[in-house]
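S.K.: Quick note, the sequence shown lines up with residues 1 to 191 if you use the UniProt record's numbering. Even glycine gets a Cβ: it sits at the ideal position worked out from N, Cα and C. Have a look at this one before I ask anything.
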Amino acid sequence: MQLNKIVEFHKALGDLTRVRIIALLQKGELHGQAIAGKLGLKPPTITHHITKLRDVGLIKERRDKNTIYFSLNTKILESSAMAILSLGERSTNMEMSVSEEERASILKNFFTAGGKLKTFPAQRKKKLVVLAHIAQKFEFGKIYPEKKVNEILKEFHEDYATLRRELIMCQYMYRENGEYELNPPELWWLR
């Protein structure tokens, strides 16, 4: 899970009314009028809070004729709640010990003297070393459009789509709405 998503999840829960809505929905699905009645609030207020919860994926909707029923997406709730606890763990658990000599050897074997990637490694440890090396080409805190990411990755290999996908999957980069950002090294699977 990306840092932005964790922050948005906790912002959504940073309101007493939203926490109360989640507590109500734990008992089963309800429509907006029922939620408003149980909480003693007006329907537009409930709509506002439901929208915030839906935006982070905590609420599911089911339409029955003219009525929309809301239910809790427990999978998202559980994974989002646990994500913050796993931040430090993930970097520790996913890191593989790679000595500087081994790292240098992997980079020498997979990159030409000009910096081009010869082939993309199949072995996980080698793949992570290669991706960590490529990720250093991006500047932390800078937002990159997909076109710019592709240009940078083409400098390494013609299959920039695979490199881009692997950078996302292995937590080196974060993607949202066609924009990419380098994750902090603490989230990288190999530093």
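Taking the alpha carbon of residue 6 as the reference point, which residue from 77, 39 and 15 has its own alpha carbon closest?
M.R.: On the sequence shown, position 6 is the one that residue 6 refers to. Of the listed residues, the one whose Cα sits closest to residue 6 is 77.
S.K.: Could you check which residue in 72, 58 and 180 has the C-alpha nearest to that of residue 139?
M.R.: Translated into positions along the sequence shown, residue 139 becomes position 139. Checking every option, the nearest Cα to that of residue 139 belongs to 180.
S.K.: Taking the straight line between their C-alpha atoms, what separation do you get for residue 27 and residue 123?
M.R.: As a first step, residue 27 is located in the sequence shown; it is residue number 27 there, counting from the start. As a first step, residue 123 is located in the sequence shown; it is residue number 123 there, counting from the start. Approximately 46 angstroms between the Cα atoms of the pair.
S.K.: Expressed to the nearest angstrom, what Euclidean distance is found between the alpha-carbon atoms of residue 72 and residue 79?
M.R.: Against the sequence shown, residue 72 aligns to sequence position 72. Against the sequence shown, residue 79 aligns to sequence position 79. If I take the Cα positions, the gap works out to 13 angstroms.
S.K.: Counting only runs of 3+ residues fully inside the UniProt domain "HTH arsR-type" (1 to 92), write out the beta strand (DSSP E) ranges in chain order.
M.R.: As far as the UniProt domain "HTH arsR-type" (1 to 92) is concerned, its whole beta strand (DSSP E) runs of at least 3 residues are 59 to 64 and 67 to 72.
S.K.: Taking buried to mean at least 16 other C-beta atoms within 10 Å of its own C-beta, is residue 95 buried or exposed?
M.R.: Indexing the sequence shown from 1 puts residue 95 at position 95. Because the pLDDT of residue 95 is 45, which lies under 50, any placement of that residue in the model is unreliable, and the number read from its coordinates should be weighed accordingly. By the neighbour-count rule (16 or more Cβ atoms within 10 Å), residue 95 is not buried but exposed.
S.K.: Straight-line CA distance for residue 31 to residue 65?
M.R.: Position 31 of the sequence shown holds residue 31. Position 65 of the sequence shown holds residue 65. Residue 31 and residue 65: Cα-Cα distance of roughly 12 angstroms.
S.K.: Is it buried or exposed, residue 92, if we count other Cβ atoms within 10 angstroms and call 16 or more buried?
M.R.: One-based indexing of the sequence shown puts residue 92 at position 92. Reliability of the predicted coordinates at residue 92 is poor, the pLDDT of 41 falling under 50, and no value is obtained from them.
S.K.: Inspect the beta-carbon positions of residue 12 and residue 52 and report whether they are closer than 8 angstroms.
M.R.: The residue you call residue 12 lines up with position 12 of the sequence shown. The residue you call residue 52 lines up with position 52 of the sequence shown. In this structure, residue 52 lies closer than 8 angstroms to residue 12 by Cβ.
S.K.: In chain order, what residues of the same chain lie with their CB nearer than 7 angstroms to the CB of residue 43, ignoring the 5 residues before and after it?
M.R.: Residue numbering aside, residue 43 sits at position 43 when the sequence shown is read from its first letter. Taken in chain order, the residues that qualify are 32, 33 and 36.
S.K.: What is the DSSP secondary structure of residue 160, counted as helix, strand or coil?
M.R.: The count along the sequence shown starts at 1 and reaches residue 160 at position 160. In the structure shown, residue 160 sits in a helix (DSSP, three-state: H, G or I).
S.K.: Roughly how many angstroms separate the alpha carbons of residue 4 and residue 10, rounded to a whole number?
M.R.: Position 4 of the sequence shown holds residue 4. Position 10 of the sequence shown holds residue 10. Approximately 10 angstroms between the Cα atoms of the pair.
S.K.: Tell me the residue span of the beta strand (DSSP E) that contains residue 198.
M.R.: Coverage of the chain is limited to positions 1 through 191, which leaves residue 198 absent and any answer about it impossible.
S.K.: Can you find the residues in the same chain that come closer than 8 angstroms, C-beta to C-beta, to residue 49, ignoring five residues on each side of it along the sequence?
M.R.: Counting from 1 along the sequence shown, the entry for residue 49 is found at position 49. Once the five neighbours on either side are set aside, the close Cβ partners of residue 49 are 15, 17, 18 and 21.
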